[in-house]
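Below is one structure, written out as structure tokens; the observations come after it.
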Amino acid sequence: MTTLLKTDQLLVSRQDPATRRFARVGTLTFNGVEYSFEYDSTADRSLPGLPRGKRHRSEALFPIFAERIIDPHRPEREQTLSYLGLPRDASPFEVLAVSGGGRTGDTYELTPLPQPGDVSLPFLVHGVRHLTAAERREIDQLRPGDHLALRLESNNPVTNRALLVTRDGGRLGYVPTPLLDYVHQIMKQPYELAVERVNPADAGLHMRLLVRLNGHYIA
Numbered sequence: 001m002t003t004l005l006k007t008d009q010l011l012v013s014r015q016d017p018a019t020r021r022f023a024r025v026g027t028l029t030f031n032g033v034e035y036s037f038e039y040d041s042t043a044d045r046s047l048p049g050l051p052r053g054k055r056h057r058s059e060a061l062f063p064i065f066a067e068r069i070i071d072p073h074r075p076e077r078e079q080t081l082s083y084l085g086l087p088r089d090a091s092p093f094e095v096l097a098v099s100g101g102g103r104t105g106d107t108y109e110l111t112p113l114p115q116p117g118d119v120s121l122p123f124l125v126h127g128v129r130h131l132t133a134a135e136r137r138e139i140d141q142l143r144p145g146d147h148l149a150l151r152l153e154s155n156n157p158v159t160n161r162a163l164l165v166t167r168d169g170g171r172l173g174y175v176p177t178p179l180l181d182y183v184h185q186i187m188k189q190p191y192e193l194a195v196e197r198v199n200p201a202d203a204g205l206h207m208r209l210l211v212r213l214n215g216h217y218i219a
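The sequence shown begins at 1 in the UniProt record's numbering and counts up one residue at a time.
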């Protein structure tokens, strides 16, 4: 099962459908008792039910985020959590941290905000749909614990800071764009990237490969 990094904050980002670039929206925080959401100073639009101009607090997860977690009564919940490497009793915050909270119909994404110090960061590899059929088949050859590498793709059309996840030079996908600033910092010191879980094709391309980055983060 996935052991999460110790984090109490998730960065909420939005991808522009036209340019595919991500912009910061705000930060979702959970202190064990209360959830809070605060907009980034650069945010130019409000989330449904969360008007800008103040910090929002609630003992229950805000609906805009709660609807991104599979309902406990859905028969496929346990299988979906297993794809994420999570136990059946995983908390909503844990599910959002690993799944990214993706939902058909919008382009918002949630990613953990690593805290300074040692980091153990699980994430789903992005961009598998951009791989060739042969490259996708290579994912099926991976096993938990296999060592992977990160490679800068400076000619990427979306961002020159894009990081490819690779094995023996072969492409497996990308680090989620909202995590790039943090992962680049982690890469300045020794780090390890390994396969956490390989999911079957019917899990969906966005959930094909779960990896874990271990290293040290300096803000």
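For every residue, glycine included, the Cβ atom is placed at its ideal position computed from N, Cα and C.
How is residue i classed by DSSP in three states: helix, strand or coil?
i: ASP168; result: coil
i: GLN185; result: helix
i: GLU135; result: helix
i: VAL12; result: strand
i: LEU205; result: helix
i: THR27; result: strand
i: LEU152; result: strand
i: ARG20; result: coil
i: ARG212; result: strand
i: PRO178; result: helix
i: ARG129; result: helix
i: LEU193; result: strand
i: GLY145; result: coil
i: GLU34; result: coil
i: GLY53; result: coil
i: SER120; result: strand
i: VAL198; result: strand
If residue i sits next to residue j, beta carbons under 8 Å apart, how far is it from one beta carbon to the other, in whole angstroms?
i: PRO11; j: TYR35; result: Checking the sequence shown, residue 11 turns out to be Leu, not Pro. Between TYR35 and LEU11 the Cβ distance is about 15 Å, and since that is not below 8 Å, they are no contact.
i: ALA43; j: ARG52; result: 7 Å
i: VAL158; j: ARG21; result: 6 Å
i: ALA162; j: ASN156; result: 4 Å
i: ARG88; j: GLU78; result: 5 Å
Near residue i, which residues of its chain fall below 7 Å by C-beta distance, leaving aside the five closest residues on each side in sequence?
i: THR3; result: Here THR3 scores only 45 on pLDDT, less than 50, and its place in the model should not be relied on; the value that follows carries that caveat. Excluding sequence neighbours, THR3 sits near SER120.
i: LEU5; result: Caution applies to LEU5, whose pLDDT of 47 falls short of 50 and renders its modelled position unreliable; the value that the coordinates give is listed next. PRO112, PRO114, VAL119, SER120 and LEU121.
i: THR107; result: ARG14, GLN15 and PRO17
i: LYS188; result: none
Do residue i and residue j have their C-beta atoms within less than 7 Å of each other?
i: PHE37; j: PHE93; result: no
i: ASN199; j: MET207; result: yes
i: GLU153; j: LEU164; result: yes
i: HIS130; j: ALA194; result: no
i: ALA219; j: TYR83; result: no
i: ASP8; j: GLY26; result: no
i: GLY127; j: TYR174; result: yes
i: LEU124; j: LEU210; result: yes
i: GLY85; j: ARG197; result: yes
i: SER151; j: THR166; result: Sequence check: residue 151 is Arg here, not Ser. Closer than 7 Å, so yes.
Counting only beta-carbon separations shorter than 7 Å, does residue i have a partner in chain B?
i: HIS73; result: Among the chains in the structure shown there is no chain B, since it carries only a single protein chain.
Please work out which residues of its chain come closer than 8 Å, Cβ to Cβ, to residue i, disregarding the five sequence neighbours upstream and downstream, and give them in chain order.
i: GLN185; result: TYR217, ILE218 and ALA219
i: LEU96; result: LEU10, LEU28, PHE65, ARG68, ILE69 and LEU110
i: VAL33; result: GLU59
i: THR19; result: VAL158
i: MET1; result: Reliability fails at MET1, whose pLDDT of 42 lies under 50, so the model's placement of it is uncertain and the value that follows must be treated cautiously. The residues are GLY85, LEU86 and PRO87.
Looking only at its chain, what residues have a beta carbon closer than 6 Å to the beta carbon of residue i, apart from the 5 residues adjacent to it on each side?
i: PRO48; result: ILE64
i: ASN160; result: SER154
i: ALA23; result: ARG14
i: GLU138; result: GLY170
For the ligand COA, is there any heavy atom lying closer than 6 Å to the beta carbon of residue i?
i: PRO178; result: Among the components of this structure there are no ligands whatsoever, and the ligand COA is therefore not found.
**Request:** Report the residue ranges of all alpha helix (DSSP H) runs contained in full by the stretch 55 to 117; include only those spanning at least 4 residues, in chain order.
**Result:** Runs found: 63 to 66, 77 to 83 and 92 to 99.
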